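One structure is given below, encoded as C-alpha cells.
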Amino acid sequence: MTIRVRFAPSPTGYLHVGGARTALFNYLWAKKNGGTFILRIEDTDEERSTEDSVAQIYESMRWLGLHWDEGPVRQSDRAALYQEALRKMEAGGHLYRAFDTKEELEEIREQARLEKRNPIYDRRALRLTPAEVQAKLDAGVPFVWRFRVPDEGATRVPDTLQGEGECVFQNSEIGDFIITRPGTIANPGGPLYNFCCAVDDAEMRITHVIRGADHLSNTARQILMLEALGAAIPQYTHLPLILKGGKKMSKRDVDADGRFPVSVSARRDLGYHPEATFNFLALLGWSFDGEREILTRDEIINAFSLDRLSKSNANFDEDKYLFLNGWYTRHLPTATIVARVRPFLEAAGFDLASRTDEWIGGVVGLEIERCKLLTEFPEALRYFFAAPASYEEKGAKKFFTPEGLALLEDSAARLETATDWSHDGLEAPIKALAEEKQLGLGKIAQPLRLAVSGRTATPGLFEVLHVLGREETLSRIRRAVEVMRAAAP
RNA sequence: GGUCCCAUCGUCUAGCCCGGUCUAGGACGUCGCCCUCUCACGGCGAAAACAGGGGUUCGAAUCCCCUUGGGACUACCA
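With this note's numbering applied, the first sequence covers 303 to 791.
This is the structure we're talking about:
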C-alpha cells in the first residue's frame, strides 16, 4: 500500500514554525517511503480564513522546500462532498438536529463545571418528538447537526507514538459533537473542521495522519465519523508539541516578539536559512542517532522514521536554532550567501552599483564568522561602504589616548610611504613600527582598527586596510586624528 | 474541575521496547585554556541530569504501581 499523508493547515494566520515542523514530518515520511504528500487547506471558517494567509503558507513551504505532490486542495471547494457525507451519516442514523441556542449550551457547560464533570451535551434535542422537530423546522428555527456518539464502549485511537500503541477514550466522555454551523433547511449551515477533516482523510485515502498532539481528542471524534462512513482508519502519529515559554505556540500574536517571531516568513526576513530551519525543525522531536546534528536534507529523509520521534513536548531552543543558522552561514557556498545577503545590503541603503559579486563575496567572507543571521551583515559590513560615523565608545576611551594618538600618527606616516598595499605589504611596515617601539602588534593595531572601522573587533587589520585601499585608509586615519584632537585638546 | 498525554544535564536529546557493556553519550548555552593584531571561527577541557517513593529482580535510567510535576483538549475555531 502506498503511503499517503497530508498537511492540513487552516489559513487563519501565517504558517508558524510548529506547523512547519508538522508539514516537515509529513513530507519526510512521504519522501522516505516514496509516498504522496498532499497539501490541504482547511478554510471552512470563512470569517477567519484569509487569502493572504493561504499565499503565505504556500510561500513558506516552498521556501523550506516542502513541495507537495497533490493539491493544494481547498475545503471551501468541496461542499458537495461534505453534503454527501452528511446524508450518508444521517441515513445511517448517526446524526440528529439540535436547535439549542448559544445561551442554553453555555448553561449546560456552566452546570457541568459546577458539578465537576466534563461538559457533555445532555442530548435534549434527541428527546424532541418528530412533531416537535417538524414544528421547529417549519418555524425556521436554526439548527446544527450533531453526531450521535455510541452510548457504550470506547473509541481507540491507534497511535504510533502516544500511549501504548493507542489512546483510549470512553464514548461516554466524548459527547455528541456538532459537525455543522447553524442553518435552516433553506439555508444550511456549513460543515465544521472535525467533520471535513474526517471526510477528507477518507476521500483522500490518507494512510498516516501526522499532526500535533493537540488534536488527540479530536481524533477520537474523527474516528467515530470514519467508522460511521465505513471508511478505513488511518494510522495516527500525534507529535509532541513545541513549547514556547512552557506553553503551546499560539497562532495569535504570532510575531509579537520581533526578535523571536514564530512565523516562518518572519524568520526568513530575519535572515534565517531554509537549510538551517529544515535541519533545526527536524531535530525538534526527532533524532538522527543522538550524536550527529548537522544533517543534509537527504540524510534526514533517508534516516527519517516514526519510531525515532520523541514522546514529550519540546521547548523551542532559540540558542540552538541561531547556532545552526550560524553554521550554515559559514558553510553554505559563498555565492549562495552573497545572493542572500545582497537584498539585505540594498535594504540598508548601501550603494552596490559599483560593487561586483566578487567584491561583495570578499567582504562577506571577512565578516562571515561574526554573523549568524543575514540581517547582521549590513551592520557588520557598514565600514566597508562608509567611513565610521562614530567610534565605539569603550574602544575610544581605551585607544584614543595621547599615546594612541601618537601611535596613529606614526602608523599613518608608515602607511603613507608604503608602496605595496597588499596584506603582507601592509603588515611589514606596521610590524617594524611595533618592533621599534617594543610594543605588541595589538597595541598598534587596535587604534588603527578603531580609526578605520569605528570598531574594536574586525577581521585581520591588514585585510581590512587592503580592501579599503590607500586613499580611504589614510583619510579615515586623518579624520580619527582630528576627532581625537578635538576631544582631548 | 473533567478527559487524555508526557517525565534523562538550564535547553534539545541518545540510551528505555529486548533490564547488567551507564562511573548515563552527544549538541546548544555557560565557564576555563589554546590559537591570535582585536572580535569571531576553530581546537581542547570543565561544571551540569535518570522528579520522588514503593515494588519486581542477583541486578533498574531501563519493567510495574503510586505520588508529584508539566502539557494538551474541554467552541455553533481549526
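Every residue, glycine too, gets a C-beta built ideally from N, C-alpha and C. As the structure is a computational prediction, the values presented were derived from the model and not from experiment.
The beta strand (DSSP E) enclosing residue i, as first and last residue numbers
i	result
V511	H510 to G514
I398	At residue 398 the sequence reads Tyr, which differs from the Ile that was named. Segment L397 to A400, the beta strand (DSSP E) holding Y398.
R594	First-last for R594: undefined, no H or E at that position.
R306	R306 to F309
H540	Q537 to L541
K546	I544 to K546
E372	E372 to R376
F876	The displayed coordinates of the chain run from 303 to 791. Any statement about residue 876 would go beyond what the structure contains.
Closest Cα partner of residue i within the set the options
i	options	result
L634	G485, I602 and L676	L676
A649	V511, R323 and G573	G573
N627	A688, D722 and N581	N581
K733	L709, V356, E505 and L330	L709
S785	G744, E738 and E695	It is Val, not Ser, that sits at residue 785 in the sequence shown. Of G744, E738 and E695, the residue nearest in Cα terms is E695.
G485	D440, E595, R308 and G455	D440
E408	G337, P421 and A400	P421
G697	G321, R350, C469 and L750	L750
L463	T539, F590 and T579	T539
S355	K390, R594, G315 and L326	G315
T304	D609, I670, R561 and M506	M506
L341	R376, A357, P704 and K390	R376
P374	L416, S312, F471 and R415	S312
I508	L743, R306, I746 and S612	R306
E774	G762, D609, T760 and S755	S755
L388	P493, D600 and I410	P493
A753	A736, E729, E738 and K700	K700
G548	F449, A616, Q385 and G560	A616
I359	E349, S519, Q385 and A310	A310
F702	V451, A747 and G771	A747
R730	L707, P704, L763 and E705	Note that residue 730 is Ala in the sequence shown, not Arg. Checking every option, the nearest Cα to that of A730 belongs to L763.
Residue burial classification, residue i (beta-carbon count within 10 angstroms, cutoff 16)
i	result
R787	exposed
P645	exposed
Q413	exposed
R632	exposed
K404	exposed
D503	buried
G587	buried
T457	buried
Q740	exposed
V566	buried
L330	buried
N328	buried
L428	exposed
P576	buried
P432	exposed
The alpha helix (DSSP H) enclosing residue i, as first and last residue numbers
i	result
V566	V566 to D571
L624	E620 to H633
I487	No alpha helix (DSSP H) contains I487, which DSSP labels as neither H nor E.
A456	Not the alpha helix (DSSP H): A456 falls in the beta strand (DSSP E), residues A456 to P460.
I343	No alpha helix (DSSP H) contains I343, which is instead part of the beta strand (DSSP E) from T338 to I343.
V470	Unbroken run through V470 is the beta strand (DSSP E), E468 to Q472; no alpha helix (DSSP H).
V446	Per DSSP, V446 belongs to no alpha helix (DSSP H); it is in the beta strand (DSSP E), V446 to F449.
G560	Counting along the chain, G560 falls outside any alpha helix (DSSP H), and DSSP gives it neither H nor E.
L326	V319 to N335
S519	L518 to L531
F764	L763 to L770
Y685	F679 to F687
N615	Segment: none, N615 is in no alpha helix (DSSP H) and carries neither H nor E.
W365	E353 to L366
R411	K404 to L416
R716	P704 to E718
V665	D659 to E669
Inter-residue CB distance, residue i and residue j (contact presumed, cutoff 8 Å)
i	j	result
L545	A515	With 8 Å as the limit, L545 and A515 do not qualify as a contact, their Cβ atoms being about 11 Å apart.
Y495	E392	19 Å between Cβ atoms; not a contact.
R483	V435	Rounded, the Cβ-Cβ distance is 19 Å, inconsistent with contact.
H396	A530	4 Å
I481	F497	4 Å
D379	F339	The Cβ separation is near 19 Å, so there is no contact.
I525	V470	Rounded, the Cβ-Cβ distance is 11 Å, inconsistent with contact.
H318	V564	4 Å
G667	T636	6 Å
Open item on the list: Does the region 323-334 come into contact with the region 597-610, if we say contact requires no fewer than three beta-carbon pairs (one atom in each stretch) closer than 8 Å?
Closed with: yes
Open item on the list: Would you call the region 470-488 in contact with the region 418-434, where contact means no fewer than 3 C-beta pairs closer than 8 Å?
Closed with: Verdict: yes, contact present.
Open item on the list: Tell me whether the region 356-373 and the region 313-327 touch, counting them as touching only if at least three CB pairs, one residue from each stretch, are closer than 8 Å.
Closed with: yes
Task: Three CB pairs or more closer than 8 Å across the region 636-643 and the region 586-601 - done: In short, these stretches do not touch, since the Cβ pair count stays below three.
Open item on the list: For the region 683-693 against the region 713-733, do three or more pairs of beta-carbon atoms, one drawn from each stretch, fall closer than 8 Å, so that the two count as touching?
Closed with: no
Open item on the list: Can you confirm whether the region 758-771 touches the region 719-732 when touching is taken to mean that 3 or more C-beta pairs between the two stretches lie within less than 8 Å?
Closed with: yes
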